[in-house]
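Read the structure below first, then the notes.
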Amino acid sequence: AQSVTQPDARVTVSEGASLQLRCKYSYSGTPYLFWYVQYPRQGLQLLLKYYSGDPVVQGVNGFEAEFIKSNSSFHLRKASVHWSDSAVYFCAVSNNNNAPRFGAGTKLSVKP
Amino acid sequence: GPKVLQIPSHQIIDMGQMVTLNCDPVSNHLYFYWYKQILGQQMEFLVNFYNGKVMEKSKLFKDQFSVERPDGSYFTLKIQPTALEDSAVYFCASSSQGSNTEVFFGKGTRLTVV
C-alpha cells in the first residue's frame with residue numbers, strides 16, 4: 001500500500017524567501033505523485049504532478065517539485081514566495097489501481 | 113476550470129439519524145471519490161467508485177457508509193446511522209481516467225453530528 005509522509009506540519013517563511021516543503025512516499029512500484037494546495041474553506045487544487053520523464057516538474061504559480069527515486073522524495077520548491085501562497089499543501093501518491101493517498105499536509109505561513 | 117459541486121455546504125444532524133451528502137461531479141468524469149478531513153488536517157481516503165461499483169475502500173468506510181450514483185445523477189455518500197465521530201468535512205472528487213490523472217475536488221460538506 002502506498003503512503004505519504006510530510007514531516008513538517010507548519011512552515012513559516014518571509015515573503016520573497018525561497019521555500020521547500022518536504023514529502024516522502026512509500027510505494028514499491030512506480031508512483032504517480034502530486035502536490036495539491038488547499039485555501040481556507042476550499043477544496044484541493046492541483047499544483048503539479050509527476051508520472052514519468054524529467055524528474056523536475058513545473059507547476060502553477062512558480063512551483064516546482066523534484067522526484068528523487070533513490071530517496072523516495074518529491075519535495076516542493078518555490079524560489080520566491082508571496083503572501084498569497086499561505087495555505088495548506090498536500091503531497092499525494094497514487095498508482096493505476098488505487099486512489100490518491102495524501103500526507104498530513106504542511107501549513108505554510110508567509111510573513112510580510 | 114472543471115468544477116465539482118457539493119450540496120449542501122454545511123449540515124447539522126442528530127446522532128443516529130441518516131444523512132446523505134450530494135456531489136455533482138465534473139460532467140464527463142467516470143471515477144468518483146470521497147475523502148474525509150477533520151479539523152483541516154489530513155485528507156483521509158474513504159472510497160472510490162467506478163461503473164456503478166465500489167472499486168476500493170479504506171478502513172474508515174464503515175458499514176454504516178454507502179455510496180451510489182443512480183442513473184448518472186448525484187454521486188452520494190450516505191451515513192446511516194450517524195455517530196459523533198462522523199463530524200468532519202467530506203470532500204467529493206472526480207477524475208476522467210482513474211487516479212493517475214488529475215482528481216478535481218469540490219469545496220466540501222461540513223457535517224456536524226450533535
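Each protein sequence line maps, in turn, to chains G and Z. So the first sequence is numbered by this note's numbering: it starts at 1 and just counts up by one. So the second sequence is numbered by this note's numbering: it starts at 113 and just counts up by one. Cβ atoms here follow ideal geometry from the backbone N, Cα and C, with glycine treated the same way.
Could you check whether residue j and residue i sit closer than 7 angstroms to each other, using their CB atoms as the reference points?
i: residue 205 (chain Z); j: residue 145 (chain Z); result: yes
i: residue 138 (chain Z); j: residue 218 (chain Z); result: no
i: residue 176 (chain Z); j: residue 192 (chain Z); result: yes
i: residue 149 (chain Z); j: residue 135 (chain Z); result: no
i: residue 23 (chain G); j: residue 6 (chain G); result: yes
i: residue 244 (chain Z); j: residue 142 (chain Z); result: A question about residue 244 (chain Z) goes unanswered here, because the residues of chain Z that appear run from 113 up to 226.
i: residue 78 (chain G); j: residue 33 (chain G); result: no
On the criterion of 16 or more Cβ atoms from any shown chain inside 10 Å, does residue i qualify as buried, or is it exposed?
i: residue 9 (chain G); result: exposed
i: residue 12 (chain G); result: exposed
i: residue 163 (chain Z); result: exposed
i: residue 123 (chain G); result: Any property of residue 123 (chain G) remains undetermined from this structure, which presents chain G solely from 1 to 112.
i: residue 130 (chain Z); result: exposed
Between which two residues does the beta strand (DSSP E) containing residue i stretch?
i: residue 34 (chain G); result: 32-38
i: residue 118 (chain Z); result: 117-119
i: residue 214 (chain Z); result: Element bounds for residue 214 (chain Z): n/a, residue is neither H nor E.
i: residue 136 (chain Z); result: 131-136
i: residue 178 (chain Z); result: 177-180
i: residue 160 (chain Z); result: 155-162
If you measure from the beta carbon of residue i to each beta carbon in chain Z, is any gap under 7 angstroms?
i: residue 104 (chain G); result: yes
i: residue 100 (chain G); result: yes
i: residue 33 (chain G); result: no
Closest Cβ-Cβ distance between residue i and chain G: below 7 angstroms?
i: residue 209 (chain Z); result: no
i: residue 165 (chain Z); result: no
i: residue 177 (chain Z); result: no
i: residue 134 (chain Z); result: no
i: residue 145 (chain Z); result: yes
i: residue 168 (chain Z); result: yes
Between residue i and residue j, which are expected to be in contact by the criterion C-beta below 8 angstroms, what is the C-beta distance as a whole number of angstroms?
i: residue 48 (chain G); j: residue 57 (chain G); result: 5 angstroms
i: residue 108 (chain G); j: residue 92 (chain G); result: Actually they are not in contact, since the Cβ atoms of residue 108 (chain G) and residue 92 (chain G) sit about 16 angstroms apart, beyond 8 angstroms.
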